[in-house]
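Visitor: Those protein sequences? They're chains A and B, same order as listed.
According to the working numbering, the residues represented by the first sequence are 21 to 287, in order.
According to the working numbering, the residues represented by the second sequence are 745 to 1087, in order.
Glycine residues also receive a C-beta, built at the ideal position from the N, C-alpha and C atoms.
Take a look at the following structure, please.
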Amino acid sequence: MIEAQRIAVAAHPRPRLTAIDCRAAHGEFVAVLGANGAGKSTLLQVLAGDLRPTHGVVRMAGKALADWPLNALARQRAVLTQTDPRLPWTVEQLVALGRLPHLGAADDARCIELALERTGLTALRTRSCLSLSAGEQGRVHFARCLAQIGTRTNGLLLLDEPVAHADLKHQHALLGAAKTYSCGGGVVVAVLHDLNQAMHYADTVLLLKDGCCVASGPPRDVLSERLLETVYDVPIRRARSADGIEFFGVLPCPAGAVIPPLTARGA
Amino acid sequence: MTADARAGGREARLLTALTAGGALIAVLAISFGAYRVDWFALLGNAASMPSGPAIDVLLQLRLPRVMLAACVGAALAVAGTTLQALFRNPLADPGLLGIGSGAAVGAGLMICVLPVHYAFATPWALPGAAFVGALLVARLALTIGARDGGLDVTLLLLVGIAINAFAGAALGLLLFVADDAALRDFTFWTLGSLSGASWRTALPVLLATGVADIVLLRSAGSLNAFVLGERNAFYLGVDVERAKRRLVLATSLAVGACVAVTGLIGFVGLVVPHVARFVVGPNHRFLLPAAASIGASLMLAADLIARTVVLPAELPVGIVTACLGAPSFLWLILRHFRQLHAR
């Protein structure tokens, strides 16, 4: 459904992305993983059509992103950014903003209602967003994205760290809502920091390091201890609980050394 | 209909109330002044096609003046609301960003440099020059303030301060080089007043602000998206660069036209959007018409006060708007901060 071929984003002093291939089909949940500054958000921006890659092309439904009329694009792909502002709008008003590209479609009210319901915000609908906690505000913006996609089942959700600030329960509720959307035929591409969440929600993971894709594929196959240690520079163990669920653990660093010795990599 | 329209019953009622209030103030503004319109006598004679000084005052002096005041107030308020959304800053207003000063310099140049006071000879020259000045400054502010595809608001306000200082110097220089006649026109104009309004001078302003208001009111959806930031506006299907150009152009047109007739009127563009937000909430579909309505009412009231308190003389209307605007703005800020810290 969305396909990026050999995309690169040049920048000074080093490229932000180099030769990345990324493909997400209908019904697929793709998790993008990597350390800070690895190019995860840049990749999402390229997939959203916001940032033109210096090389390569991104196609959605077979058509290059640049050829899509902006409004048609906005009706089938929604983007959750990390920098959503705090606004003196009520929850419902802010979620309704997601319906902007639909120019007053008949099912606006129903889409807003559904989005509020799926994010557990129905009870907060008349509250001002300024009075909400950071986690609740994140959910409001996620609900806005759900409202933007609306009843379309084959749309694209691009989520940049959707669970930041959310408590454990809502992290899973939120990823669950995204997973439900992908299972219904949609495409979800999410930047995640939690390996366990990537393991349990994603169909495919894309592991980035310094703007390059170091591995991609099903999480069970790709997320090995050795690979993750080279990507994150911390000791990581993959284990299995008594009831057979696989999970990751980050080991505490030796006393005195707050950050483990890094390979010579600069900043 | 949209969800907005369905959910907006309360806002729609408030808008109706605001419009009704504005209409009432307009009737008062037409009725009172140095000459008091006697509606009963006028309407009593309606059948016999009234004429004479009463009807002349009404049609040739009072009516263009009232319409000019309403249009200037509405346009300044709508322009201020637009800039606050575009720059995502509650302090943005035409004056602060230097757009008003740019317009003033444009108009000043026209008065002082052109021979034989061509500026006043044709009603289009002054608004045109003010518009070009406003547009240049707005464009400059947008260009300098742009950082990584977004506008850096702090930078923008600092640029505004610099532009205001420079414009002050430019206006001073114009005063210095102006000959006596130009100096008189110039001083008269900078005081900012709606007096002497006639259909001939009012018409270009009515047209320009009308066009600008229509463009801006139709951009309510884009402005709502801009509130979320430029990237989110793009994700919501707004062609950000085109929308920015359109909004800046329309705002400059409105501000240029207003400054050309009234000089720099402070606070309307800054305060009225906040008052409107307080009344109908932040959705621009309701906020823009509410701001237009409140701005027009405020300006009509200010003009009415300006030409009635010191009869037979009259005060420059800018003094009245500042006297009304500054305290109400102070009240709004204090209230806002109390709310923020009460949590």
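With DSSP run on the structure shown, which of helix, strand or coil describes ALA184(A)?
Guide: coil
Visitor: Of all the CB atoms in chain B, is at least one closer than 7 Å to the CB of ASN91(A)?
Guide: yes
Visitor: Can the beta-carbon of PRO182(A) be found closer than 7 Å to that of LEU100(A)?
Guide: yes
Visitor: Around the Cβ of ARG41(A), are there at least 16 other Cβ atoms within 10 angstroms (buried) or fewer (exposed)?
Guide: The question names Arg, but residue 41(A) in the sequence shown is Asp. Classification for ASP41(A): exposed.
Visitor: Cutting at 6 Å between CB atoms, please list the residues of its own chain near HIS1018(B), excluding the five before and the five after it.
Guide: LEU1076
Visitor: Mind reading off the beta-carbon distance from ALA911(B) to GLY842(B)? Whole number of angstroms is fine, and I expect it under 8 Å.
Guide: 7 Å
Visitor: Check whether chain B comes within 7 Å of GLN113(A), counting only Cβ atoms and requiring the distance to be less than that.
Guide: yes
Visitor: For chain B, is any of its Cβ atoms less than 7 Å away from the one on PRO35(A)?
Guide: no
Visitor: Run down chain B in chain order and give the residues with a C-beta less than 8 Å from the C-beta of ASP70(A).
Guide: By Cβ distance, chain B contributes ARG975, PHE978 and TYR979.
Visitor: So with Cβ pairs under 7 Å, would you call GLY954(B) a contact of chain A?
Guide: no
Visitor: Check the Cβ of ASP104(A) against every Cβ in chain B and list those closer than 9 Å, keeping chain order.
Guide: LEU972, GLY973 and ASN976
Visitor: Using the beta-carbon of each residue, which ones in chain A are nearer than 7 Å to PRO1033(B)?
Guide: In chain order: nothing, as chain A lies at least about 17 Å away.
Visitor: Is the number of C-beta pairs between the region 46-66 of chain A and the region 112-129 of chain A that are closer than 8 Å three or more?
Guide: no
Visitor: Taking THR101(A) as the query, report the chain B residues whose CB atoms sit under 7 Å from its CB, ordered along the chain.
Guide: What THR101(A) touches in chain B: ARG975 and ASN976.
Visitor: Three or more C-beta pairs closer than 8 Å, one from the region 210-219 of chain A and one from the region 21-41 of chain A: is that the case here?
Guide: Taking 8 Å as the limit for Cβ pairs, the verdict is that the region 21-41 of chain A does not touch the region 210-219 of chain A.
Visitor: If you reduce the DSSP assignment to three classes, tell me which class LEU166(A) lands in.
Guide: helix
Visitor: Which ranges does the alpha helix (DSSP H) cover as unbroken runs of at least 4 residues, wholly within the region 941-997 of chain B, from first to last along the chain?
Guide: The DSSP assignment places complete alpha helix (DSSP H) segments of no fewer than 4 residues inside the region 941-997 of chain B at 943-962, 964-970 and 974-979, in order along the chain.
Visitor: Inspect the beta-carbon positions of ALA818(B) and GLY1039(B) and report whether they are closer than 7 Å.
Guide: Contact: yes.
Visitor: Measure how close the beta-carbons of CYS1002(B) and VAL816(B) come, nearest whole angstrom, since I'm counting them as under 8 Å.
Guide: 5 Å
Visitor: Could you give the distance in angstroms between the alpha-carbon of ILE22(A) and the alpha-carbon of ALA129(A)?
Guide: The straight-line gap from Cα to Cα measures roughly 29 Å.
Visitor: For the ligand GDP, is there any heavy atom lying closer than 6 Å to the beta carbon of PRO1033(B)?
Guide: The ligand GDP is not among the ligands present in this structure, which contains no ligands whatsoever.
Visitor: How big is the Cα-Cα spacing for ALA821(B) and LEU919(B)?
Guide: 30 Å
Visitor: When you compare only the Cα positions, how much space is there between LEU123(A) and CYS165(A)?
Guide: Roughly 16 Å separates the two Cα atoms.
Visitor: Report all residues from its chain with a CB closer than 8 Å to the CB of VAL1061(B); omit the five preceding and five following residues, and keep chain order.
Guide: ALA813, GLY936, SER937, LEU938, THR1006, ILE1009, MET1043, ALA1046, ASP1047 and ALA1050
Visitor: Grouping DSSP H, G and I as helix and E and B as strand, with all else coil, what is VAL810(B)?
Guide: helix
Visitor: Let me know the secondary structure DSSP gives GLN25(A) once reduced to three states.
Guide: Note: GLN25(A) maps to strand in three-state DSSP.
Visitor: Please tell me whether PRO834(B) has its Cβ less than 7 Å away from any Cβ of chain A.
Guide: no
Visitor: Assign VAL984(B) to one of two classes, buried (16 or more other C-beta atoms within 10 Å of its C-beta) or exposed (fewer than that).
Guide: buried
Visitor: Run down chain A in chain order and give the residues with a C-beta less than 9 Å from the C-beta of ALA941(B).
Guide: Scanning chain A for C-beta atoms nearer than 9 Å to the C-beta of ALA941(B) yields nothing, as the closest lies near 38 Å away.
Visitor: Indicate whether at least one CB of chain B lies closer than 7 Å to the CB of LEU282(A).
Guide: Confidence is the limiting factor: at LEU282(A) the pLDDT is only 47, short of 50, which leaves the residue's position unreliable and the question unanswerable from this model.
Visitor: Indicate whether the contact test is met: 3 or more Cβ pairs, each with one atom in the region 835-853 of chain B and one in the region 968-983 of chain B, closer than 8 Å.
Guide: Too few Cβ pairs lie closer than 8 Å, so no.
Visitor: What are the complete beta strand (DSSP E) segments, minimum 3 residues, inside the region 205-285 of chain A?
Guide: The region 205-285 of chain A contains these whole beta strand (DSSP E) runs: 207-211, 224-229, 232-237, 256-260 and 266-270.
Visitor: Cβ closer than 7 Å: which chain A residues qualify as neighbours of GLY965(B)?
Guide: LEU120
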